[in-house]
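Asker: Position 18 of the sequence shown, counting from 1, maps to 62 under our numbering, and the rest follow consecutively. Input: one structure, supplied below.
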Amino acid sequence: HSAIRLRRFISNELEKLKIKNKICAITTDNGPDIRAAASTADFGIRLSCVAHDLNLTIKSALWLHKKPKKRK
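The following block contains the structure:
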């Protein structure tokens with residue numbers, strides 16, 4: 045499962061940087077794999093990236109105003 049691999053990778057990188065015991069929160073996008081990987085007590089609370097959420101919201105809103113393509 046990719047969430048398990050991501051969790052191991054993040055944990056290993058934090059150990060390499062010698063900051064694993066200093067982490068109290070982690071910020072991620074809302075992809076299901078990274079959400080699952082970051083939703084563990086090892087990384088503290090998981091926060092959603094507001095900039096990423098805003099970007100997705102704006103993209104979604106802009107699509108509402110585009111005219112659908114005509115079918116041939």
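Glycine is no exception: its CB is placed at the ideal position from the N, C-alpha and C atoms. What you are looking at is a predicted structure, and each value in this text was computed from that prediction instead of being measured.
Indicate, with yes or no, if the ligand FAD has a heavy atom lying under 7 angstroms from the CB of A47.
Answerer: Absence of the ligand FAD is noted for the structure shown, with no ligands found whatsoever.
Asker: Less than 8 angstroms between the beta carbons of N74 and S92, yes or no?
Answerer: On the sequence shown, position 30 is the one that residue 74 refers to. On the sequence shown, position 48 is the one that residue 92 refers to. Contact: yes.
Asker: Buried or exposed for A82, going by 16 or more other Cβ atoms inside 10 Å?
Answerer: As a working mapping, residue 82 is identified with position 38 in the sequence shown. Buried is the call here.
Asker: To the nearest angstrom, report how far apart A69 and I48 are at their CA atoms.
Answerer: Position 25 of the sequence shown, counting from 1, holds the residue named residue 69. Position 4 of the sequence shown, counting from 1, holds the residue named residue 48. Using only the alpha carbons, I get a separation of about 18 angstroms.
Asker: With a cut-off of 8 angstroms on the beta carbons, I'd call I63 and T72 a contact; round off their distance for me.
Answerer: Numbered from 1 along the sequence shown, position 19 holds the residue referred to as residue 63. Numbered from 1 along the sequence shown, position 28 holds the residue referred to as residue 72. At roughly 17 angstroms, the Cβ-Cβ gap does not stay under 8 angstroms, so I63 and T72 are not in contact.
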